[in-house]
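What follows is one structure encoded as structure tokens, with my remarks underneath.
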Amino acid sequence: MDNGKNNEGPTKGRDLFKLLWRGSTKACPLCGQRKLFKKWVHMESNCPRCKLHFERIEGHWIGAVGINTIVSFLLLVIGLAIFFYATYPNIPTGRWVFWFAACFGAIPILFYPNSKTLWTAIDILMRPIEERDFKTGKGDDFVNIQEVLPSEVGENL
Ligand SMILES: [Zn+2]
């Protein structure tokens with residue numbers, strides 16, 4: 314579980330790429346664990362493998378909304394540019410516009426889970442991992458909870 318905990322000094326280029334790749338592919342940025350989402354939108358609050366608490370500070374997910382907005386608009390601009398370039402000078406209107414809008418309206422929904430893990434990766438690059446990132450807001454230590462017998466877990470939560 315020393316993943317990322319010895320995250321001292323400047324992040325190396327390879328680590329940076331690895332963090333961003335894991336983040337943009339819905340994996341835990343720290344350990345690469347997948348299956349963090351249920352029914353597309355429900356994200357585990359802690360990584361099942363490395364126990365990283367994803368909502369590192371209150372308001373953490375505002376960044377994910379920002380990332381989702383940036384990516385969606387970027388793709389919209391690129392898509393429109395290609396569309397206009399390919400069809401110029403007879404740019405089609407009418408029902409094409411509705412198809413185009415419908416396709417791009419789906420991007421923020423499709424990218425929603427990726428935006429959360431990607432933002433967590435960017436956040437880790439800006440604010441290196443600390444000991445407290447592996448604990449809940451209640452001050453419970455997840456490592457100790459894992460070692461407790463199942464019958465005693467309820468008393469500790
Ligand atoms: Zn993890």
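Quick note on my numbering: the sequence shown kicks off at 314 and runs consecutively.
Using N, Cα and C, we set each Cβ at its ideal position, and we do this for glycine too.
All values derive from a computational prediction rather than experimental measurement.
Would you give the residue range spanned by the alpha helix (DSSP H) that residue i belongs to?
{"i": "D328", "result": "G326 to S337"}
{"i": "Y425", "result": "I420 to M439"}
{"i": "V473", "result": "What is shown of the chain runs 314 to 470, which leaves residue 473 out entirely."}
{"i": "N381", "result": "I375 to T400"}
What do you reckon, are the CB atoms on residue i and residue j nearer than 8 Å?
{"i": "G326", "j": "L431", "result": "no"}
{"i": "M356", "j": "L365", "result": "no"}
{"i": "P342", "j": "T433", "result": "yes"}
{"i": "G376", "j": "F417", "result": "no"}
Straight-line CA distance for residue i to residue j?
{"i": "F411", "j": "T382", "result": "20 Å"}
{"i": "T338", "j": "R369", "result": "20 Å"}
{"i": "E443", "j": "C363", "result": "13 Å"}
{"i": "V456", "j": "G407", "result": "Residue placement at V456 cannot be trusted, given a pLDDT of 46 that sits under 50; the coordinates are not used to answer."}
{"i": "L388", "j": "A414", "result": "12 Å"}
{"i": "L333", "j": "S385", "result": "17 Å"}
{"i": "Q346", "j": "P421", "result": "23 Å"}
{"i": "I435", "j": "V390", "result": "23 Å"}
Between which residues of its own chain and residue i is the CB-CB distance below 7 Å, once the five residues before and five after are set aside?
{"i": "G358", "result": "Looking at the sequence shown, residue 358 is not Gly but Ser. For S358, where only same-chain residues beyond five positions count, the Cβ hits under 7 Å are H366, F367 and E368."}
{"i": "N319", "result": "Below a pLDDT of 50, predicted positions are generally treated as unreliable, and N319, at 48, falls in that range; the measurement from the model is reported next regardless. Taken in chain order, the list of residues that qualify is empty."}
{"i": "C344", "result": "N316, C360, R362 and C363"}
Looking only at its own chain, which residues have a Cβ that is under 6 Å from the Cβ of residue i, when we skip the five neighbours before and after it?
{"i": "H373", "result": "none"}
With 16 as the cutoff for other CB atoms within 10 Å, does residue i come out buried or exposed?
{"i": "F330", "result": "exposed"}
{"i": "P402", "result": "exposed"}
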